[in-house]
Amino acid sequence: MARSTAQSKLRDRLCSIYKDILVVNNISLAEEVAKMLTVNYRHLIHACDTEVAKINVKQETPVDHGEIICFSIYSGSEADFGGGKSCIWVDVLDGGGKEILNKFAEFFQDSSIKKVWHNYSFDCHVIQNYGFKVSGFHADTMHMARLWDSSRRWVGGYSLEALTGDKGVMFGAKLDHEKDLIGKVSMTTIFGLQKLKKDGSMGKMITIDPVDVLQRDERIPWICYSVLDARSTLMLYESLKSHLSNMPWNLDGVPVLRKNMYDFYQQYWRPFGELLIKMESEGMLVDQLYLKEIEKVAKAEQEAAVNRFRKWASRYCPDAKYMNVGSDAQLRVLLFGGTLNRKNPVEAIPSERIFKTPNVDKVIEEGKKAPSKFRDIKLNSIGYNLNVEMYTPSGWPSVSGDALKVLAGKVSAEYDFIDACDMVLDDEDGNPSQSEVLPVEIDKSAYGTAFSAFPTEEEGKEACHAIAALCEVCSIDSLISNFILPLQGDNIAGKDHRVHCSININTETGRLSARRPNLQNQPALEKDRYKIRQAFIAAPGNSLIVADYGQLELRILAHLANCKSMLEAFEAGGDFHSRTAMNMYPYIREAVEKKEVLLEWHPQPGEEKPPVPLLKDAFASERRKAKMLNFSIAYGKTPVGLSKDWKVSVKEARRTVDLWYNDRKEVLKWQEERKKEACETQCVHTLLGRARRFPKIDPAFSYHKGHIERAAINTPVQGSAADVAMCAMLQISNNKKLKKLGWKLLLQVHDEVILEGPTESAEVAKAIVVECMSKPFNGKNFLKVGLSVDAKCAQNWYAAK
DNA sequence: ACGGGCCGCGCC
DNA sequence: AAAGGGCGCGGCCCGT
Numbered sequence: 001m002a003r004s005t006a007q008s009k010l011r012d013r014l015c016s017i018y019k020d021i022l023v024v025n026n027i028s029l030a031e032e033v034a035k036m037l038t039v040n041y042r043h044l045i046h047a048c049d050t051e052v053a054k055i056n057v058k059q060e061t062p063v064d065h066g067e068i069i070c071f072s073i074y075s076g077s078e079a080d081f082g083g084g085k086s087c088i089w090v091d092v093l094d095g096g097g098k099e100i101l102n103k104f105a106e107f108f109q110d111s112s113i114k115k116v117w118h119n120y121s122f123d124c125h126v127i128q129n130y131g132f133k134v135s136g137f138h139a140d141t142m143h144m145a146r147l148w149d150s151s152r153r154w155v156g157g158y159s160l161e162a163l164t165g166d167k168g169v170m171f172g173a174k175l176d177h178e179k180d181l182i183g184k185v186s187m188t189t190i191f192g193l194q195k196l197k198k199d200g201s202m203g204k205m206i207t208i209d210p211v212d213v214l215q216r217d218e219r220i221p222w223i224c225y226s227v228l229d230a231r232s233t234l235m236l237y238e239s240l241k242s243h244l245s246n247m248p249w250n251l252d253g254v255p256v257l258r259k260n261m262y263d264f265y266q267q268y269w270r271p272f273g274e275l276l277i278k279m280e281s282e283g284m285l286v287d288q289l290y291l292k293e294i295e296k297v298a299k300a301e302q303e304a305a306v307n308r309f310r311k312w313a314s315r316y317c318p319d320a321k322y323m324n325v326g327s328d329a330q331l332r333v334l335l336f337g338g339t340l341n342r343k344n345p346v347e348a349i350p351s352e353r354i355f356k357t358p359n360v361d362k363v364i365e366e367g368k369k370a371p372s373k374f375r376d377i378k379l380n381s382i383g384y385n386l387n388v389e390m391y392t393p394s395g396w397p398s399v400s401g402d403a404l405k406v407l408a409g410k411v412s413a414e415y416d417f418i419d420a421c422d423m424v425l426d427d428e429d430g431n432p433s434q435s436e437v438l439p440v441e442i443d444k445s446a447y448g449t450a451f452s453a454f455p456t457e458e459e460g461k462e463a464c465h466a467i468a469a470l471c472e473v474c475s476i477d478s479l480i481s482n483f484i485l486p487l488q489g490d491n492i493a494g495k496d497h498r499v500h501c502s503i504n505i506n507t508e509t510g511r512l513s514a515r516r517p518n519l520q521n522q523p524a525l526e527k528d529r530y531k532i533r534q535a536f537i538a539a540p541g542n543s544l545i546v547a548d549y550g551q552l553e554l555r556i557l558a559h560l561a562n563c564k565s566m567l568e569a570f571e572a573g574g575d576f577h578s579r580t581a582m583n584m585y586p587y588i589r590e591a592v593e594k595k596e597v598l599l600e601w602h603p604q605p606g607e608e609k610p611p612v613p614l615l616k617d618a619f620a621s622e623r624r625k626a627k628m629l630n631f632s633i634a635y636g637k638t639p640v641g642l643s644k645d646w647k648v649s650v651k652e653a654r655r656t657v658d659l660w661y662n663d664r665k666e667v668l669k670w671q672e673e674r675k676k677e678a679c680e681t682q683c684v685h686t687l688l689g690r691a692r693r694f695p696k697i698d699p700a701f702s703y704h705k706g707h708i709e710r711a712a713i714n715t716p717v718q719g720s721a722a723d724v725a726m727c728a729m730l731q732i733s734n735n736k737k738l739k740k741l742g743w744k745l746l747l748q749v750h751d752e753v754i755l756e757g758p759t760e761s762a763e764v765a766k767a768i769v770v771e772c773m774s775k776p777f778n779g780k781n782f783l784k785v786g787l788s789v790d791a792k793c794a795q796n797w798y799a800a801k
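Just so you know, we're using the UniProt record's numbering here: the first sequence kicks off at 1 and counts up by one.
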């Protein structure tokens with residue numbers, strides 16, 4: 001173990017702040033200091049930071065997890081806690097545990113004492129784990145930084161270290177970067193130890209002791225490290241406050257008088273941040289027994305499908321019996337061995353390759369006594385050239401579900417293959433092979449592109465069934481490994497058996513994202529073959545309310561572009577996509593006008609079926625295209641992409657796109673304006689005035705330009721929808737009646753919110769939620785378009801959709 | 001054993 | 001030459 005000289009120097013510099021630190025390591029001192037905070041210095045802004053042990057931040061939620069070992073508070077240089085010391089460091093580990101923490105309860109709980117944090121969610125949860133709620137939240141520098149520049153993800157990111165180390169961010173600080181240590185320094189930089197190699201040189205492996213060990217064994221650097229977090233947070237806050245204050249605030253394109261983006265932060269994102277933490281604390285109740293049940297079913301179905309595929313594949317490649325059908329590398333060799341890389345034709349998929357695979361059959365390899373954990377299998381190509389229609393971004397043939405579906409066609413995955421050894425026996429006996437025995441009545445249209453790659457129809461047919469089975473394996477596998485298993489992980493749930501995902505404001509557009517686990521990507525109803533959403537339940541006596549916006553993004557687009565036709569269509573109500581189709585195709589309009597088809601149908605009492613066909617049935621393909629365009633155009637999809645989806649020429653796709661724009665000229669104009677704005681000002685804005693920045697377009701990369709242009713037309717739509725959803729959530733959360741009835745927000749999925757509360761008030765609450773969402777701006781809706789909201793209550797997420 | 005790249009895929 | 005925006009996450013595989 002060794003320290004580099006650079007590390008030693010940095011540690012020396014770090015320790016120079018020790019003289020400013022009051023170390024609080026006993027109860028009576030804690031009492032004294034806490035009193036100064038809550039009385040003498042209560043008017044100051046305090047940056048706080050905790051250090052936490054016994055938590056695996058990559059896997060666990062801080063709700064009900066983690067132990068605070070120390071915390072630090074910095075209230076600016078004017079505070080003096082004795083002897084000119086301006087920083088407080090409190091030893092929770094050896095200074096009194098929960099008792100010492102309790103001395104600061106009043107400070108943390110006082111709503112009039114302003115506290116700033118970096119990533120407040122984490123600290124808030126770990127402090128709340130000790131039984132007192134944290135109040136007086138003034139700012140989260142992570143969110144402020146995101147609001148100031150949402151595009152740092154790939155260039156620096158939003159860690160305290162990255163932000164405070166960036167001179168472009170810290171411009172407000174009147175400090176000398178060279179002389180004063182103002183930026184956070186990571187734990188690895190200060191405490192990381194490099195293992196020495198045998199020859200005495202520095203190795204690459206860096207180890208780091210657990211934080212509680214550091215606190216005891218590296219006391220002074222550790223104390224300084226911890227305090228520096230609080231100090232740099234306060235300086236970051238000041239800097240970002242200046243930045244945001246210098247950004248004018250435009251609401252729906254109109255300047256908000258004498259207000260700037262710091263005001264925006266305080267008005268919207270600060271309360272929103274606090275709301276998200278509340279939602280994280282609530283968590284969702286998950287029915288573990290139910291998950292166990294569907295896990296069994298899913299695994300059985302998966303195994304059946306795996307066996308079908310392996311049985312077929314082993315005819316062409318004996319070791320395929322043991323292959324991992326979930327490995328894209330193995331599938332690639334088997335199905336596409338010998339194929340060249342499209343981007344780099346020097347590389348090819350090997351026709352034969354050795355893979356390591358779990359030794360399930362306990363095969364004892366040559367020269368070994370006991371079966372090893374893994375063994376080698378040799379996979380080879382099936383030997384027929386399958387048509388490659390889809391490629392991965394790096395140029396290899398794709399083995400994704402979509403690509404496999406093209407190969408398989410629309411055939412059933414249920415098909416019983418005979419064993420490879422049976423085939424061999426038949427051949428050896430000179431008996432007719434299977435293909436000649438079976439009736440050869442084949443409807444070729446159902447089979448995919450794999451069919452014709454094989455020498456006989458029977459072989460082609462079986463290949464399609466086998467690949468269909470493979471598709472099924474993949475889809476079941478993804479349901480099991482992405483949803484069914486993670487939701488049962490014991491690291492996921494808190495003490496209350498509820499799942500507390502973290503809900504983050506961390507996207508470039510302002511949408512939320514969810515992690516550990518991601519509850520925003522649970523299977524949609526149609527694809528949810530195991531009804532996973534049924535596992536999300538309300539507690540006994542409670543119900544869930546699930547409320548979602550109808551065509552939120554399209555409505556936003558209609559508003560932003562001020563598109564007459566779209567606004568009228570929404571005004572008229574009914575099926576928006578049908579109306580789009582009618583406006584695109586004159587013959588559909590004619591049919592509607594002649595009352596040969598109905599735009600939509602509201603059954604009258606006694607009416608069994610509509611008097612004339614519905615548009616969506618009579619012109620199904622036109623409506624499908626219209627619907628697809630409605631969704632695609634806001635994302636910036638091009639005729640080239642659409643031509644692939646629709647399997648038509650680019651020219652044909654372009655004509656259809658033109659039909660869509662025909663009565664929506666304003667949209668085209670608006671999109672051109674956004675592209676121009678992005679190009680000229682490197683910025684576009686959302687409804688509430690949040691900006692998204694873009695880098696200057698580098699003419700050397702035209703793809704770059706395309707991406708920026710698409711993001712420029714999408715961000716105002718997606719971001720404004722996020723703004724609306726946020727406002728709605730704030731309305732819901734501030735609603736006194738809902739609060740009194742005991743209804744709480746649990747989750748947001750972009751245009752959908754989920755609440756839980758007492759069943760007896762579910763209907764009343766539902767009506768309030770709908771009202772809040774329909775009028776999300778302080779009880780009003782200033783948009784040129786109405787907001788439609790659909791809401792249901794039920795015992796679980798599946799039933800409430 | 002762990003981290004990162006790649007692929008693929010779930011959602012809106 | 002490629003051509004839909006925004007996410008998180010799991011498995012595999014290869015590097016250290």
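The C-beta atom is built at its ideal place from N, Cα and C for all residues, glycine as well.
Whole-angstrom distance between residue j and residue i, CA atom to CA atom
i: Ala569; j: Phe576; result: 7 Å
i: Glu303; j: Leu485; result: 16 Å
i: Tyr415; j: Tyr384; result: 21 Å
i: Leu163; j: Ser121; result: 18 Å
i: Glu677; j: Ala547; result: 35 Å
i: Asp123; j: Leu747; result: 21 Å
i: Lys311; j: Ser394; result: 31 Å
i: Leu642; j: Gly636; result: 11 Å
i: Gln522; j: Phe483; result: 7 Å
i: Gly606; j: Glu600; result: 17 Å
i: Ala767; j: Leu755; result: 13 Å
i: Ser8; j: Tyr225; result: 14 Å
Local Cβ density within 10 Å of residue i, reported as buried at 16 or more and exposed below that
i: His602; result: exposed
i: Ile206; result: exposed
i: Arg216; result: exposed
i: Tyr703; result: exposed
i: Val346; result: exposed
i: Ser297; result: In the sequence as presented, Ser is not what sits at residue 297; that position holds Val. With fewer than 16 Cβ atoms within 10 Å of its Cβ, Val297 is classed as exposed.
i: Thr456; result: exposed
i: Pro639; result: buried
i: Cys683; result: exposed
CB-CB length for residue i against residue j, believed under 8 Å
i: Leu228; j: Leu14; result: 7 Å
i: Ile382; j: Leu334; result: 6 Å
i: Phe81; j: Leu22; result: 5 Å
i: Phe309; j: Val473; result: 6 Å
i: Ala634; j: Asn714; result: 6 Å
i: Ser232; j: Lys184; result: 5 Å
i: Pro397; j: Val388; result: 4 Å
Discussion item. Can you confirm whether the region 733-741 touches the region 688-705 when touching is taken to mean that 3 or more C-beta pairs between the two stretches lie within less than 8 Å?
Written reply: no
Worksheet item: Are there three or more Cβ pairs, one per stretch, closer than 8 Å when the region 647-662 is compared with the region 218-225?
Response: Note that the region 647-662 does not touch the region 218-225; fewer than 3 beta-carbon pairs, one per stretch, sit closer than 8 Å.
Discussion item. Taking contact to mean 3 or more Cβ pairs, one atom from each stretch, closer than 8 Å, check whether the region 507-514 and the region 144-162 are in contact.
Written reply: yes
Item to complete: Assess, as a yes-or-no matter, whether the region 538-553 is touched by the region 741-757 under the definition of 3 or more beta carbon pairs within less than 8 Å.
Response: Yes, since at least three Cβ pairs between the region 741-757 and the region 538-553 fall closer than 8 Å, the two stretches touch.
Worksheet item: Hey, is the region 548-555 in contact with the region 529-537, meaning 3+ C-beta pairs nearer than 8 Å?
Response: no
Discussion item. Taking 8 Å as the cut-off, does the region 15-30 touch the region 96-111 (at least 3 CB pairs, one atom from each stretch)?
Written reply: yes
Worksheet item: So, do the region 138-146 and the region 156-170 have three or more beta carbon pairs nearer to each other than 8 Å?
Response: Touching, per the Cβ criterion.
Worksheet item: Are the region 33-42 and the region 465-475 in contact at 8 Å, needing three or more beta carbon pairs?
Response: no
Item to complete: Can you check the region 68-124 for any alpha helix (DSSP H) of at least 4 residues that lies completely inside it and give the ranges in chain order?
Response: 92-95, 97-103, 105-109
Practice prompt. May I ask you to verify whether the region 524-534 touches the region 769-780, counting CB pairs closer than 8 Å and requiring at least 3?
Written response: no
Fill in: Cβ contact check for the region 608-620 and the region 581-592: 3 or more pairs under 8 Å
yes
Worksheet item: Hey, is the region 488-504 in contact with the region 45-62, meaning 3+ C-beta pairs nearer than 8 Å?
Response: yes
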